[in-house]
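*Asks:*
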Amino acid sequence: MDAFCYDLRGLKCPLPVLKTRRKLSSMAIGALIRVETTDPLALIDIPHFCTEDGHELLETVKTETGHSFLIRKR
Numbered sequence: 001m002d003a004f005c006y007d008l009r010g011l012k013c014p015l016p017v018l019k020t021r022r023k024l025s026s027m028a029i030g031a032l033i034r035v036e037t038t039d040p041l042a043l044i045d046i047p048h049f050c051t052e053d054g055h056e057l058l059e060t061v062k063t064e065t066g067h068s069f070l071i072r073k074r
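Using full-length UniProt numbering, count along the sequence shown one by one with no gaps and you end on 74.
1. With a cut-off of 8 Å, does the C-beta of residue 56 fall near any C-beta of chain D?
2. With a cut-off of 8 Å on the beta carbons, I'd call residue 59 and residue 72 a contact; round off their distance for me.
3. Between 8, 46, 45, which has its C-alpha nearest residue 37's C-alpha?
4. Please list, in chain order, all residues of the same chain as residue 19 whose beta carbon is under 8 Å from its beta carbon, the five residues on each side excluded.
5. Given residue 23, which residues of its chain have a CB within under 8 Å of its CB, disregarding the five upstream and five downstream residues?
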């Protein structure tokens, strides 16, 4: 299954989490989303969001400009 790539680079807290939550709400259970961010707080906020909302954080990667998160909707 291919991951939907969601480019949220340039957005500051809390927008990456809010937009990820909204996008996941419209996706099917089991769907994958790759979230690209430049906000340094996303490294804390995205994993916390996944834990709180019950989604599975499969991967966190440091990129040249920020972070990339691979999430499976639960």
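We treat Cβ as the ideally placed atom computed from N, Cα and C, and that holds for glycine.
None of these values were measured; they are calculated from a predicted model.
*Replies:* Let me lay it out:
1. This model lacks chain D altogether, as it is built from one protein chain only.
2. Going by Cβ atoms, the distance from residue 59 to residue 72 rounds to 10 Å, so no, they are not a contact pair.
3. Of 8, 46, 45, the residue nearest in Cα terms is 8.
4. Scanning its chain for C-beta atoms nearer than 8 Å, with the 5 sequence neighbours on each side dropped, one finds around residue 19 the residues 6, 8, 11, in chain order.
5. Excluding residues within five positions, the ones whose Cβ falls inside 8 Å are 4, 6, 33.
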